[in-house]
Amino acid sequence: MSSFATWTPKGGVGKTTFSVQLATMLGYTYVTNDEYCSAEDKFEKGKGFLVPEGHHEIPFADKVVFDLGGFKDERIKPLLEKVEKVIVPTLDSEYDIKALTSILKALSTMNSSVVILINNIEPDYTNKENKYHEADRAENDIMKIVEDNKLTFKSLQFVRIRKSKGYKTLIKENASVFDYCKDNGVLLNRFRNIIEDMTVFRNTVLN
Ligand SMILES: Nc1ncnc2c1ncn2[C@@H]1O[C@H](COP(=O)(O)OP(=O)(O)OP(=O)(O)O)[C@@H](O)[C@H]1O
Ligand SMILES: [Mg+2]
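Start counting the sequence shown at 16; every next residue gets the next number (my numbering).
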């Protein structure tokens, strides 16, 4: 039994998209502290919850994916200490990676198991040797932050997610890519990258 959290104070980097994917893939409950997120409404009864600002605590339970935004929300830290892994979505730009420093420092003091999800990756076809050199650079930069600040974690893993239009459909339908393709007879080809990336994501989180 375990629960997971996606957390980053940065907006619009994929917290909700990948929390919903993870919750639906694993059959877990979805819980968010984000009042502006409407994902919880779309889950079937009892499977999606919003804990509004007034509640003094976000209750911990097994088999939950917590979708957590913000730094100032004091209810977040106790949850991050309880979950099995913290998933931190980020974009791959130098600016975004630098902004991860304070987040990594906070997670290191909690001795968390961390999965850094490098999101929105676009292959660079002009680079024949390595079309994913930007993602490589992002991972190297993160490892440098870890070393320079002598940060330690229970574990540190990376997962790479390619940019794909299909995520908009999945979030609208509140469905895991596997269920969506099965139920709608969708040409798997259209969702092939997502299926590949979500398979790696699930395996990384569960390993
Ligand atoms: N890999 C991807 N490819 C294409 N679009 C993506 C990808 N990841 C996220 N998006 C899109 O980016 C937007 C922001 O994603 P999402 O809502 O999951 O971010 P968030 O971190 O939860 O944002 P917020 O801070 O507003 O809660 C959404 O429209 C989503 O569909
Ligand atoms: Mg969100």
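Even glycine gets a Cβ: it sits at the ideal position worked out from N, Cα and C.
### Query
CB Val98 to CB Ser18, shorter than 8 angstroms?
Cβ distance < 8 angstroms, so Val98 and Ser18 count as in contact.
### Message
Judging by CA-CA distance, which residue of Ile133, Thr184, Thr31 is the nearest neighbour of Asp107?
### Response
Nearest option by C-alpha distance: Ile133.
### Query
Should Lys87 be counted as a contact of ligand 1 given a C-beta to heavy atom distance under 7 angstroms?
Not under cutoff, so the answer is no.
### Task
Would you mind stating whether Tyr51 and Val35 have Cβ atoms separated by less than 8 angstroms?
Not closer than 8 angstroms, so no.
### Task
Figure out for me which residue from Ser117, Thr214, Thr116, Ala121 has the closest Cα to the Cα of Lys92.
Answer by Cα proximity: Ala121.
### Message
The alpha helix (DSSP H) that contains Ile160, what's its start and end?
### Response
DSSP places Ile160 in the uninterrupted alpha helix (DSSP H) bounded by 148 to 163.
### Query
Should Lys100 be counted as a contact of ligand 2 given a C-beta to heavy atom distance under 7 angstroms?
No, the beta carbon of Lys100 sits no closer than 7 angstroms to any heavy atom of ligand 2.
### Task
Tell me Arg207's beta-bridge partners as DSSP assigns them.
For Arg207, which the question treats as bridged, DSSP gives no partner whatsoever.
### Message
Let me confirm a value: Pro67 is counted as buried when at least 16 other C-beta atoms fall within 10 Å, else exposed. Which label applies?
### Response
The residue is exposed, with fewer than 16 neighbouring Cβ atoms inside 10 Å.
### Beta-carbon spacing of Asn126, Leu83 below 8 angstroms
Cβ distance not < 8 angstroms, so Asn126 and Leu83 don't count as in contact.
### Task
Return the bridge partner residues of Ile102 from the DSSP annotation.
The partner list for Ile102 (beta bridge, DSSP) reads Thr21, Val130.
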